[in-house]
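All the letters of the sequence shown, read from the start, carry residue numbers -26 to -1, 1 to 302 under mature numbering (1 follows the signal peptide of the UniProt record, and there is no 0). The beta carbon of each residue, even a glycine, is placed where N, CA and C say it ideally should be. These numbers come from a predicted model, not from an experiment.
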Amino acid sequence: AAVGPARVRPCAAAVLVLVCCAAALASGVQDQAEQFFRSGHTNNWAVLVCTSRFWFNYRHVANTLSVYRSVKRLGIPDSHIVLMLADDMACNPRNPKPATVFSHKNMELNVYGDDVEVDYRSYEVTVENFLRVLTGRIPPSTPRSKRLLSDDRSNILIYMTGHGGNGFLKFQDSEEITNVELADAFEQMWQKRRYNELLFIIDTCQGASMYERFYSPNIMALASSQVGEDSLSHQPDLGIGVHLMDRYTFYVLEFLEEIHPASQTNMNDLFQVCPKSLCVSTPGHRTDLFQRDPQNVLITDFFGSVRKVEITTEMVSLDSDLAGFESK
């Protein structure tokens, strides 16, 4: 039987729809691939530093351990975290609850936990070691766990907390790192292709002074206080006689608790987490060195895990390797 024009047209229309869908799908895949290669971002790292020792600085250790817990929860593994704690509050003889560190006075969450990997502890936390970690100028015998093995496709979160002043941050009450030294270290990192983008967060008195001298590309910086302001403590606990956290970090972590690995929350939201009414000090941020609009930068671009795969068309010969394996 002959096929009439009326029956041919629906078939042709269906084929046309399928072709259009296939083209759209191919275009979407191509766009995703192009976005991946443009992003220059394949892995995340975190360097988390508490520069204070002594029992009355309990809150600085709790600050750092709380950030450590948050980035691990969002997917950054210990292999990509360098944790530096200048004192061990969990084992301090004044601690009425040994092997624990708490960041809230309800004492429900032990941020020390049972899976903390401290890479630099006690007197290992020095200005020299910190700068060596950043710049990669480390003795060959240094284990991988104490190295920042980043590259030019790494996004790095650097969090620091301790006692500071106008243009400096104290390490263990015995030495200081200046804003000039920190800025020069970041420039070395950029020249040595050790980062793609860098997020610097500092919770200390006059914290904004520490990012004033930055001059390297792709750095975004946040601070708990402006020049001339103190960064204030939070969560006093009468049982152990100290404050458990600092205000700025407390509200940052409260914000991060609402973030999940697929979250679309951006950096502009992070800028607003601790207004002066909550922090008492005036938090600050600097974005002029950063190439992207903070509105387009996801929180998980720094605080979360990245799993990206590149496909290569190059041929890889395994014959020699297999032959060597078979001979054994």
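Query: H234 burial status per 10 Å Cβ neighbour count (16 or more: buried); Result: exposed
Query: Classification of D93 by the beta-carbon crowding that lies within 10 angstroms, buried from 16 upward; Result: buried
Query: Cβ neighbours of V254 in the same chain (closer than 8 Å, five flanking residues each side left out); Result: L206 and R221
Query: From R127, R47 and I130, residue whose alpha carbon lies closest to that of D89; Result: R47
Query: For G110 and F10, the rounded distance between their alpha carbons; Result: Residue placement at F10 is flagged as unreliable, the pLDDT there being 46, under the threshold of 50; a coordinate-derived value is accordingly withheld.
Query: Identified DSSP bridge partners for A195; Result: F174 and R260
Query: Residues bridged to L89 [DSSP beta-bridge criterion]; Result: For the sequence presented, residue 89 should be read as Asp rather than Leu. Bridge partners of D89: none, in fact.
Query: Whole runs of the alpha helix (DSSP H) within the region 228 to 280, excluding any shorter than 4 residues; Result: 241 to 245, 250 to 253 and 274 to 277
Query: Residue closest to M184, alpha-carbon to alpha-carbon, out of S190, L218, A73 and L156; Result: L156
Query: Rounded separation between D5 and T178 - CA only; Result: Residue confidence is low: D5 scores 49 on pLDDT, short of 50, so the model does not pin down where it sits. Its coordinate-derived value is still stated next. If I take the Cα positions, the gap works out to 43 Å.
Query: Where the beta strand (DSSP E) containing T152 begins and where it ends; Result: E149 to T152
Query: Contact check, A159 vs L108, beta carbons under 7 Å; Result: yes
Query: Local conformation of Y185 per DSSP, three classes; Result: helix
Query: Burial state of S291, where buried means 16 or more other Cβ atoms lie within 10 Å; Result: exposed
Query: For F28, three-class secondary structure by DSSP; Result: coil
Query: V216: first and last residue of the uninterrupted beta strand (DSSP E) it sits in; Result: V216 to D220
Query: Neighbourhood of G2 by C-beta distance below 8 Å, restricted to the same chain and skipping five residues each side; Result: Confidence is the limiting factor: at G2 the pLDDT is only 48, short of 50, which leaves the residue's position unreliable and the question unanswerable from this model.
Query: Rounded C-alpha distance that separates E288 from H15; Result: 22 Å
Query: Residue nearest to F76 in terms of C-alpha spacing, selected from Y86, P67 and P70; Result: Y86
Query: Where V3 sits in the DSSP three-state scheme; Result: In this prediction, V3 scores a pLDDT of 45, lower than 50, which makes its location untrustworthy; the coordinate-derived value is nonetheless stated afterwards. Helix at V3.
Query: Beta-bridge partners of W19, as assigned by DSSP; Result: I130
Query: Identified DSSP bridge partners for D158; Result: Paired residues: none, contrary to the question.
Query: Buried or exposed by the 16-neighbour rule on C-beta atoms within 10 Å, applied to Q265; Result: exposed
Query: Endpoints, beta strand (DSSP E) assigned at V56; Result: I55 to L59
Query: Selection from L143, F224 and I132 that minimises the alpha carbon distance to V154; Result: L143
Query: Minimum C-alpha distance to H34 - residue among T223, I273, V271 and D275; Result: T223
Query: Given N129 as reference, the closest of M163, M58 and T100 once Cα atoms are compared; Result: M163
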